[in-house]
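Report on the structure given below.
2 protein chains.
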Amino acid sequence: MQRLIFAVEDDADISRLVAHHLQGAGFRVRTFANSPSVIGEAERQHPALFLLDIMVPGPDGLELCRRIRQNPGLAAVPVIFLTARTAEADRVLGLELGGDDYITKPFSPRELVARVKAVLRRFEQPLPPAVTRAGDIEIDSGAMLLKVGGRIVETTATEFRLLEYFARHPDRVFTRDQLLDAVWRDTAFVTPRSVDVYVRRLREKIEQDPEDPRYLITVRGAGYRFEAPK
Amino acid sequence: MQRLIFAVEDDADISRLVAHHLQGAGFRVRTFANSPSVIGEAERQHPALFLLDIMVPGPDGLELCRRIRQNPGLAAVPVIFLTARTAEADRVLGLELGGDDYITKPFSPRELVARVKAVLRRFEQPLPPAVTRAGDIEIDSGAMLLKVGGRIVETTATEFRLLEYFARHPDRVFTRDQLLDAVWRDTAFVTPRSVDVYVRRLREKIEQDPEDPRYLITVRGAGYRFEAPK
DNA sequence: GCGACCTTTCACAAAACTGTAACCATCGTG
DNA sequence: CACGATGGTTACAGTTTTGTGAAAGGTCGC
Chain A
1 MQRLIFAVED
11 DADISRLVAH
21 HLQGAGFRVR
31 TFANSPSVIG
41 EAERQHPALF
51 LLDIMVPGPD
61 GLELCRRIRQ
71 NPGLAAVPVI
81 FLTARTAEAD
91 RVLGLELGGD
101 DYITKPFSPR
111 ELVARVKAVL
121 RRFEQPLPPA
131 VTRAGDIEID
141 SGAMLLKVGG
151 RIVETTATEF
161 RLLEYFARHP
171 DRVFTRDQLL
181 DAVWRDTAFV
191 TPRSVDVYVR
201 RLREKIEQDP
211 EDPRYLITVR
221 GAGYRFEAPK
Chain B
231 MQRLIFAVED
241 DADISRLVAH
251 HLQGAGFRVR
261 TFANSPSVIG
271 EAERQHPALF
281 LLDIMVPGPD
291 GLELCRRIRQ
301 NPGLAAVPVI
311 FLTARTAEAD
321 RVLGLELGGD
331 DYITKPFSPR
341 ELVARVKAVL
351 RRFEQPLPPA
361 VTRAGDIEID
371 SGAMLLKVGG
381 RIVETTATEF
391 RLLEYFARHP
401 DRVFTRDQLL
411 DAVWRDTAFV
421 TPRSVDVYVR
431 RLREKIEQDP
441 EDPRYLITVR
451 GAGYRFEAPK
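If you're matching them up, the sequences are chains A and B in order. Residue 48 in the working numbering sits at position 48 of the first sequence, and the numbers go up by one each step. Residue 263 in the working numbering sits at position 33 of the second sequence, and the numbers go up by one each step.
Spelled out as structure tokens, the structure:
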């Protein structure tokens, strides 16, 4: 679940620097030396944030921001401007165009990361429904608590996320790969068989009889399904 | 419990900008390009705050504010003026008319959000109970006093705010980042790990056995949760 | 300007979680 | 019934996350 950041910056040094530090902070980064293809790519890849140098070739950063704001699919994505110009005029201009913050060069890596995180945090959606129920299972997402038959059952973070995902999509078969994509943070180097292991660990925690599961059903040749008994 | 803000502003760009940033900060926003219907809608929807451009068509912002103040149902709702005029005279005028703050254009998103939050905070004072209790912990926010089992326990300001925040949102997991946002004054340059240190200090002060905490629970892979024993 | 205290970071230790491989069981088919 | 394929189970080693103590740096009041 690493978030993707689009950085538009024509100076290769700065561009590399930005990418490096943001990656160090756990983000995926896609850099662009100029603006033409940015919007199109963004529609496809859904970045979580734009980092725009104001002065780039082609439509400049301000213009790019304007287009982002006018694009229905992208309008809600936050924008941070990157600029060498410190004049107040620019600042104002950038912000009035719908930027969410700005960073003046030279900047420290910390400042960069801090501002990016701060803006992302501000735009994070509040969490949807707090409690999901199925049979005698109660999943409290807000508290990150699992109760089975009224009893609190300890889970690890991954177990919890997996069960939560299942319970929110009951009676649907998921392949192991789908589950990895949906639940695991970094799906790249994980074997689909790991899902088996987690399903087993969950069965031990939620099933009356793990040998004869009533919630987490194996669907041979396909994957698993979570059944919600009436 | 997202609070609703009424923004009255005739410039569509600014209006969109305002809505965007306040939504990003977790508010619901209703915008009006002119003033006639504002009061009526407000009576129905109970906004938590008005953001009024001084110069809008129809009755202007100052007049609108006057009417809000005269309306029994709305008189207590805070008003922030939005204005291009920076002259001191305006400011005074605005505040004398019952505005609670004012923002001059151009403004930064941060300033907008900060002022809105500040004003709301000021008006929320009477609402939250002065004393929050959980188990044998008693948090007197007004007096900034913490009692554990009837005994006064000394805390620093940050410790107190953190515990207060936890106690007001019991049984909910917060990530370190969320806690920084909620409790720390300037979140930008603080490592999430600082939260760990504060949690530990709080445990030393409120837990019978800091090794086996009953209030401040670690949720591995997520953050911390404050549990209120029955 | 000094001292006391608060805040934050850092480095290391400890604890818990994760993912895999290897092996076993079961299923379905010819 | 044999066999290949699929899923189940387990232990463990590596990794990640959290706890902890100490120390640096900052702030405030005097």
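All C-beta atoms in this analysis are idealised placements derived from N, C-alpha and C, irrespective of residue type, glycine included.
Under 8 Å by beta carbon: chain B residues contacting residue i
i        : result
A/PRO78  : GLY254
A/ALA157 : VAL449, ARG450, GLY451, ALA452
Listed by chain order, chain A residues near residue i by CB distance under 8 Å
i        : result
B/VAL403 : GLY142, ALA143, MET144
B/PRO339 : LEU95, GLY99, ASP100, ASP101
B/ASP407 : LYS117, ARG121
B/PRO415 : Note that residue 415 of chain B is Arg in the sequence shown, not Pro. Correct list: empty, because the minimum Cβ distance to chain A is about 13 Å.
B/ARG423 : By Cβ distance, chain A contributes nothing, its closest Cβ being about 14 Å from B/ARG423, past 8 Å.
Sequence-distant residues of its chain with Cβ nearer than 6 Å to residue i (five each side left out)
i        : result
A/ALA19  : VAL29, THR31
A/LYS205 : VAL153
B/LEU252 : ILE235, VAL259
B/GLY303 : GLU273
B/LEU393 : LEU432
A/ALA84  : LYS105
A/VAL173 : VAL219, ALA222, GLY223, ARG225
B/ALA458 : ALA364, PRO400
B/MET285 : none
B/LEU247 : none
Status (buried if at least 16 other CB within 10 Å, exposed otherwise) for residue i
i        : result
B/GLN408 : buried
A/LYS230 : exposed
A/ALA222 : exposed
B/LEU446 : buried
A/VAL38  : buried
A/SER108 : exposed
A/ASP140 : buried
B/ALA270 : Ala is not the amino acid found at residue 270 of chain B; the sequence shown has Gly there. With fewer than 16 other Cβ atoms within 10 Å, it is exposed.
Contact under 8 Å by Cβ, residue i with residue j
i        : j        : result
A/PRO78  : A/GLY58  : no
A/ARG122 : B/ALA255 : yes
A/GLY142 : A/ALA130 : yes
A/LEU51  : A/ILE14  : no
A/ARG110 : A/ASP171 : no
B/THR385 : B/TYR428 : no
A/ALA33  : A/LEU120 : no
A/LEU180 : A/PRO192 : yes
A/LYS105 : A/LEU82  : yes
B/VAL238 : B/GLY291 : yes
A/ALA167 : A/THR218 : no
B/PHE257 : B/ARG296 : no
A/ARG220 : A/VAL195 : no
Residues near residue i in its chain [Cβ-Cβ closer than 7 Å; skip 5 each side]
i        : result
B/ALA412 : TYR395
A/MET144 : PHE160
A/ASP136 : VAL148, GLY149
A/PHE189 : none
A/GLY99  : CYS65, VAL79, ILE80, PHE81
Residues near residue i by beta carbon distance below 8 Å, same chain, minus five either side
i        : result
A/ARG115 : ILE80, ASP101, ILE103
A/GLU88  : Note on A/GLU88: pLDDT 48, under 50, position unreliable in the model; no value is reported.
A/GLN208 : ARG214
A/ASP11  : ASP53
A/HIS169 : PHE226
B/ARG430 : PRO440
B/ALA305 : ILE298, ARG299
Where residue i meets chain B, residues with beta-carbon distance less than 7 Å
i        : result
A/ARG122 : GLY254, ALA255
Chain A contact residues for residue i, given Cβ-Cβ distances below 7 Å
i        : result
B/ASP411 : ARG121
B/ARG260 : Ordered by position in chain A, no residue passes the 7 Å Cβ test against B/ARG260, which lies about 17 Å from the chain.
B/ARG398 : Within 7 Å Cβ-Cβ: nothing; B/ARG398 doesn't reach chain A, min ~14 Å.
Residue i: contacting residues in chain A (beta-carbon distance under 9 Å)
i        : result
B/ARG233 : The contacting residues do not exist; B/ARG233 stays about 12 Å from chain A at best.
B/ARG391 : Going along chain A, no residue has its Cβ under 9 Å from B/ARG391, so there is no contact; the nearest lies around 18 Å.
B/ARG444 : Within 9 Å Cβ-Cβ: nothing; B/ARG444 doesn't reach chain A, min ~13 Å.
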